[in-house]
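With the working numbering as the guide, the letters of the sequence shown map in order to residues 62 to 314.
We put the beta carbon where it would ideally sit given N, CA and C, even for glycine.
What follows is a short report on a single structure.
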Amino acid sequence: MSWIPFRKQPKKPATELVADNEFDTQVEKFNNTEANTRKMYKDMKRYVEQNANLVKTHQKFGQDIKSVGKIGGQNDRELNEGLESLQQAMIRQCDHQIELNHNLRKLFIEPMKSFNTHFDKVNSSIKRREQSLQDYAKYQSRQEKYKQKENVALSGKFDANERYLALAKADFERRNAKLLDTLPQFYEHQLSYFEPCFEGVVKSHYTNVKNSRDLYEELGNKLDCPLEQWSEAQYEAETKNRLTELKNLSIVK
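In structure tokens form, the structure reads like this:
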């Protein structure tokens, strides 16, 4: 944020209410909460966008698989069936990712966007409280100056300033008390508001991972290569063997 409440200003009027450690602590906590919440909102939006790009990659990969099948020809039945199964798996995986994105928008991004509007309202209240404090300090400073001057009372300035000072003090104390009472409640409501959002994120990811696991386990069984069949080292060794066989073909020599 470009505006930071209660930044020290030069030549600020002296008043016993300028330094309010309790309020400054609450404002600092609020600023940190706002910054972290807005960052979390932006990070989730970025994650959903990247997830959408992943869906496009899966879709392109599915098209590439079709092309490989055409190159293999109609006679290679086993290859075509395997590629068809893989392509269908990619399509279903895209559906799972699209569903995940939908849930994340509905359960997290949209509620967070709505909640962020409350930060603007609280910031406006803090800013009005700051302005009220400045007015209070201004009239209090004038009062001290008028007390040191003669004939000010006769001009009516002293009495007028006294009225303005009383109004400014009452306005500041009202705003200050309201914020000191409201800010702690704001944090409590925030926690209760965020809880179902985070719960929705966890459940959505759990469902997505489970569906993906089931999908590829089913695919592995169809292609006679279950997920737990080989270790990573075994797959690496098998890949090297297949590459060696390709290199030994006369057409690549």
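State the Cα-Cα distance for the pair residue i and residue j, rounded to the nearest angstrom.
| i | j | result |
| --- | --- | --- |
| Lys-230 | Phe-84 | 16 Å |
| Pro-66 | Arg-236 | Residue confidence is low: Pro-66 scores 42 on pLDDT, short of 50, so the model does not pin down where it sits. Its coordinate-derived value is still stated next. Roughly 14 Å between the two C-alpha positions. |
| Leu-144 | Phe-180 | 52 Å |
| Asn-93 | Asp-275 | 41 Å |
| Ile-159 | Glu-278 | 20 Å |
| Trp-64 | Asp-156 | Low local confidence applies: a pLDDT of 39 at Trp-64 is under 50, so the model's placement there is unreliable, with the coordinate-based value given in what follows. Near 44 Å, if we compare the C-alpha coordinates of Asp-156 and Trp-64. |
| Pro-257 | Phe-247 | 17 Å |
| Phe-233 | Thr-268 | 52 Å |
| Lys-301 | Leu-310 | 15 Å |
| Glu-110 | Val-183 | 30 Å |
| Lys-199 | Gln-251 | 36 Å |
| Ala-298 | Gln-154 | 28 Å |
| Asn-82 | Lys-117 | 53 Å |
| Asp-104 | Asn-162 | 14 Å |
| Val-263 | Phe-255 | 13 Å |
| Gly-261 | Arg-166 | 10 Å |
| Met-173 | Tyr-207 | 52 Å |
| Ser-318 | Phe-259 | Outside the shown range of the chain, which is 62 to 314, sits residue 318, and nothing can be said about it. |
| Ile-126 | Asn-141 | 10 Å |
| Ser-202 | Thr-86 | 26 Å |
| Lys-308 | Ser-273 | 35 Å |
| Ser-216 | Phe-91 | 46 Å |
| Ile-170 | Leu-115 | 19 Å |
Buried or exposed for residue i, going by 16 or more other Cβ atoms inside 10 Å?
| i | result |
| --- | --- |
| Leu-244 | buried |
| Val-129 | exposed |
| Ser-292 | exposed |
| Val-88 | buried |
| Ser-185 | exposed |
| Gln-192 | exposed |
| Leu-228 | exposed |
| Tyr-296 | exposed |
| Arg-303 | exposed |
| Gln-124 | exposed |
| Ser-265 | buried |
| Ala-150 | buried |
| Thr-305 | exposed |
| Ile-187 | buried |
| Asn-282 | exposed |
| Arg-189 | exposed |
| Leu-194 | buried |
| Leu-280 | buried |
What are the start and end residues of the alpha helix (DSSP H) that includes residue i?
| i | result |
| --- | --- |
| Gly-143 | 138-165 |
| Ile-170 | That residue, Ile-170, is in no alpha helix (DSSP H); it is neither H nor E in DSSP. |
| Gly-261 | 218-283 |
Helix, strand or coil: how does DSSP classify residue i here?
| i | result |
| --- | --- |
| Ser-292 | coil |
| Asn-309 | coil |
| Asp-81 | coil |
| Gln-195 | helix |
| Lys-210 | coil |
| Gln-70 | Reliability fails at Gln-70, whose pLDDT of 41 lies under 50, so the model's placement of it is uncertain and the value that follows must be treated cautiously. DSSP places Gln-70 in coil when its eight states are reduced to three. |
Any beta-carbon of chain D closer than 8 Å to the one on residue i?
| i | result |
| --- | --- |
| Glu-279 | Any reference to chain D falls outside this structure, which holds one protein chain only. |
Task: Any 3 or more C-beta pairs closer than 8 Å across the segment 95-111 and the segment 161-179 - done: yes
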